[in-house]
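Below is one structure; the comments refer to it alone.
Number of protein chains: 2
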Amino acid sequence: MNINDCIFFLLTKCSQTGVKFWAQKVSSLGVTAVQAMVLGFLSEEDMITSRQLGERTTIDSATLTGILDRLENMGYTKRQSNPDDGRSIMISLTAAGKKVAFDIRTLVDNANQEFLQKLSKEEEAMLRGLLRRLK
Amino acid sequence: MNINDCIFFLLTKCSQTGVKFWAQKVSSLGVTAVQAMVLGFLSEEDMITSRQLGERTTIDSATLTGILDRLENMGYTKRQSNPDDGRSIMISLTAAGKKVAFDIRTLVDNANQEFLQKLSKEEEAMLRGLLRRLK
DNA sequence: CTAAATTTACTCGTATACAAATTATTTTCC
DNA sequence: GGAAAATAATTTGTATACGAGTAAATTTAG
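This is how it looks when you write it as structure tokens:
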């Protein structure tokens with residue numbers, strides 16, 4: 052079995068390389084790659100339910116619980132009960148969380164470009180389009 | 052931060068979708084997606100050192116130790132000492148392992164095709180080429 | 001209206017992924 | 001030859017990822 056011929060393996064390795072690259076970019080902020088993504092996302096759409104956050108980020112609810120635990124421990128997010136529905140919780144950024152999220156947003160575009168610098172603009176657009184269709 | 056604009060996120064989600072698809076294909080064999088990959092790889096290049104296996108599959112040595120523990124427990128692989136170098140170990144498939152690996156190899160091409168069926172042959176080749184450059 | 005079904009977040013257990021430290025062995029270099 | 005550097009595999013600790021099950025709250029059916 053040639054590893055490169057297996058699309059699952061190829062996607063995994065490519066993703067791991069990218070995530071490691073991104074993790075290194077945000078490591079100075081003291082957050083992991085995934086935590087940075089969640090914070091960056093919340094900086095656009097704050098005060099939403101955990102379920103909505105999970106939908107938008109396509110992070111499983113069991114996984115999200117742990118991520119929110121750690122972000123909360125670091126003082127970046129908080130959980131509040133939802134007056135409209137006792138089952139769900141509202142997630143929002145703290146002041147400190149907003150600050151880190153801002154830093155993350157200034158990093159992400161640059162990191163994207165740097166990671167994709169081997170590709171031309173056409174190739175990048177092609178790649179994004181193909182990945183979106185497989186997602 | 053738009054999730055789809057972040058290449059790291061897009062790659063991760065695409066990879067997760069692919070891995071889940073592949074995991075489902077091999078679940079009847081009682082192995083995980085990664086375990087199936089390792090077995091499939093060993094069916095081509097058996098009796099190599101753990102370090103070589105890690106290089107070929109780009110699986111970290113710490114991760115590989117655990118994977119080999121589980122494969123060994125299932126009776127699919129075995130570790131033997133390397134007479135040429137006391138530090139390293141030789142990995143090989145058992146008879147049972149060869150049988151499962153054979154089944155895996157019959158599954159993988161089909162799974163690849165099925166996962167990529169939304170893409171034309173040209174698009175598939177393009178995707179593989181782009182991913183290899185980012186890997 | 002109330003019992004059943006559904007939904008939400010969480011817990012639990014298992015499997016990667018990976019950085020850092022450890023142990024045993026081998027290689028290098030003087 | 002022997003100390004120092006390098007290498008191989010493992011261990012340890014933390015962070016996802018995810019299936020399965022749970023408790024509490026809400027919605028749906030009859």
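In the order they appear, the protein sequences are chains A and C.
Using my numbering, the letters of the first sequence correspond one by one to residues 52 to 186.
Using my numbering, the letters of the second sequence correspond one by one to residues 52 to 186.
In this text, a Cβ means the ideal position worked out from N, Cα and C, and glycines have one as well.
For a Cβ distance threshold of 7 Å, nothing in chain A lies close to Arg138 (chain C): the least Cβ distance comes to about 25 Å. For Ala113 (chain C), none of the residues of chain A pass the 9 Å Cβ criterion, the least Cβ distance being about 14 Å.
Contact of Thr68 (chain A) with chain C is assigned, a C-beta pair being separated by under 7 Å. Inter-residue distance for Lys186 (chain C) and Asp136 (chain A) is about 45 Å (C-alpha atoms, whole angstroms). For Arg130 (chain A), the uninterrupted beta strand (DSSP E) run begins and ends at Thr128 to Ser132, by DSSP. Considering only beta carbons, no part of the stretch 118-146 of chain A lies closer than 8 Å to chain C. One thing to note: Phe59 (chain A) has its Cβ within 7 Å of the Cβ of Val70 (chain C). Here Gly180 (chain C) is exposed. Its C-beta has fewer than 16 other C-beta atoms within 10 Å. Taking every protein chain shown into account, the CB of Met98 (chain A) has fewer than 16 other CB atoms within 10 angstroms, so this residue is exposed. Within 8 Å of the CB of Val159 (chain A), the CB atoms of chain C belong to Met52 and Cys57, in sequence order along the chain. Rounded to whole angstroms, the gap between the alpha carbons of Gln75 (chain C) and Val151 (chain C) is 15 Å. Scanning chain A for C-beta atoms nearer than 9 Å to the C-beta of Glu173 (chain C) yields nothing, as the closest lies near 11 Å away. For the set A:Thr108, A:Trp73, A:Met52 and A:Val159, the Cα lying nearest the Cα of Thr108 (chain C) is the one of A:Met52. Beta-bridge analysis with DSSP links Ser143 (chain A) to A:Lys129.
Of the residues A:Ile155, A:Pro134 and A:Leu119, the one whose Cα lies closest to the Cα of Ser143 (chain A) is A:Leu119.
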